[in-house]
Amino acid sequence: MKTVNIILMGFGNVGQAFLRVAQEKKEFCKARYKLDIKFYSIFEIGGAIHSSQALNTSEILEKYSSLSMFRKNPLWKPDLKLTSVLDSIKPGVLVECTPSNIKSGGPGLSHIRHALDRGWHVVTASKGPLVIDFRGLLEKAEKKHVALKFSGATAAALPALDIALYSLAGTEISRIEGILNGTTNYILTRMKEGVDYKEALKEAQSKGIAETDPSLDVSGLDTASKILIISNALLKADFTLDDMTVEGIDVIPPYLLTQGRKKDRKLKLLGILFKRAEELRLEVRLTVIDSSHPLFGVDGTNKGIVFTTDTMDSITVTGGKSDPKGAGASLLKDIINIYRKE
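Under the numbering used here, the first residue of the sequence shown carries the number 980, and numbering increases by one thereafter.
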């Protein structure tokens, strides 16, 4: 049995979902993968719940899931520093779930760097660090002989990276098209049904699909970040957001709305890797697709991605609807894949 020590950064929706999935799957992971997953620290703004013994995650989820109660936990340590915890526990996995800042990479970027420097594996749902310093983080992980996994930062429950890195090994990928943001896809689906943008957004927020501040989603920047990370991972490239043309759904040209509402047509927000004049480029584009397109049936909060290859033709993966549980499950998957033997 392999003991896996966990430090969790962030106890918002995704962090809580991950803790819940890990708790629900604890015995399964022991039986199936011979992994005993133990949490020692859960960080939030201002400190952490921390113990030298494994935390009672069931009790935390039951009694301390709200942030106001979280800080009332008897094990709450105000102003506890991540570096001191990293240095005091046998290295395992740091799970990064703090809010993502795609302009600075913080706060997750410093968390990940500290963990890698100290020989910890890292699994992250935060996109910002990967957008800002993808190559630097990978090189640091390789130097320290530890893993950096980021399924949760690309398409969460949709196994886009897994398919491309393993099932498409040996192929050359010339084009990628992806519906990578469940919020925008939900809104566009509702608009196809006749609901106007503001009403569809409000509905998405009321259902917990969209954030209170949905700007990253509706501007296209969340999709841009995901296609950028996927492309850099697959191609060992150094794309940045500045290299990209990015469209969103907050301002939709009327002619595209009209075209998208026609029978056998749909308007989708696609993250695209494509080749022009033998140069690979990235963009996020509002695109009207017809019923022959492999992503035509991807509606609501579901996502999908199409890889065009030289030897395996076109491969499409769909599903993985956006919700915290799926994101949490993708983090657990990455942890399992770090340690699994078969």
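For every residue, glycine included, the Cβ atom is placed at its ideal position computed from N, Cα and C. A quick note: this is a predicted structure, and the numbers were derived from the prediction, not measured.
- With fewer than 16 other CB atoms across the displayed protein chains lying within 10 angstroms of its CB, Ala1256 is exposed.
- For Asp1196, the enclosing alpha helix (DSSP H) stretches over residues Ser1194 to Val1197.
- Fully contained in the region 1104-1167 are the following beta strand (DSSP E) runs of length 3 or more, in chain order: 1152-1158.
- For the region 1274-1310, not one full-length alpha helix (DSSP H) segment reaches 4 residues or more.
- For Met1048, the enclosing alpha helix (DSSP H) covers residues Leu1046 to Phe1049.
- Lys1060 and Tyr1176 have their alpha carbons spaced roughly 44 Å apart.
- DSSP places Ile1091 in the uninterrupted alpha helix (DSSP H) bounded by Gly1087 to Asp1096.
- Per DSSP, reduced to three states, the secondary structure at Ile1039 is helical.
- Between the region 1080-1096 and the region 1050-1059, the count of C-beta pairs closer than 8 Å stays below three; the two stretches do not touch.
- Excluding residues up to 5 positions away in sequence, Glu1262 lie with their Cβ nearer than 7 Å to the Cβ of Thr1224 in the same chain.
- With fewer than 16 other Cβ atoms from the protein chains shown falling within 10 Å of its own Cβ, Ile1024 counts as exposed.
- Contact between Ala1126 and His1100 holds: CB atoms are separated by about 5 Å, below the 8 Å threshold.
- Within the DSSP secondary-structure output, Leu1246 pairs in a beta bridge with Val1267.
- Here DSSP, grouped into helix, strand and coil, assigns Glu1190 to coil.
- DSSP places Ala1216 in no alpha helix (DSSP H); its state is neither H nor E.
- Using a C-beta cut-off of 8 Å, the region 1227-1240 makes contact with the region 1196-1204, since at least three inter-stretch Cβ pairs fall below that distance.
- Bridge partners of Ser1020 according to DSSP: Ile986 and His1029.
- In the three-state reduction of the DSSP assignment, Lys1320 falls in the coil class.
- Leu1046 counts as exposed, since fewer than 16 other C-beta atoms from the protein chains shown sit within 10 angstroms of its C-beta.
- Taking the C-beta atoms as reference points, Leu1140 is found nearer than 9 Å to Ile1209.
- Between the region 1113-1131 and the region 1268-1277 there are fewer than three inter-stretch CB-CB distances shorter than 8 Å, so the stretches are not counted as touching.
- Using a C-beta cut-off of 8 Å, the region 1154-1163 makes contact with the region 1278-1298, since at least three inter-stretch Cβ pairs fall below that distance.
- Here Leu1261 is bridged, per DSSP, to Leu1252.
- Of all alpha-carbon atoms in Asn1160, Val983 and Gly1307, the one lying nearest the alpha-carbon of Lys1069 is that of Val983.
- Taking all protein chains in view, the Cβ of Met1048 is surrounded by fewer than 16 other Cβ atoms within 10 Å, so the residue is classified as exposed.
- Per DSSP, the beta bridge partners of Pro1057 are Gly1026.
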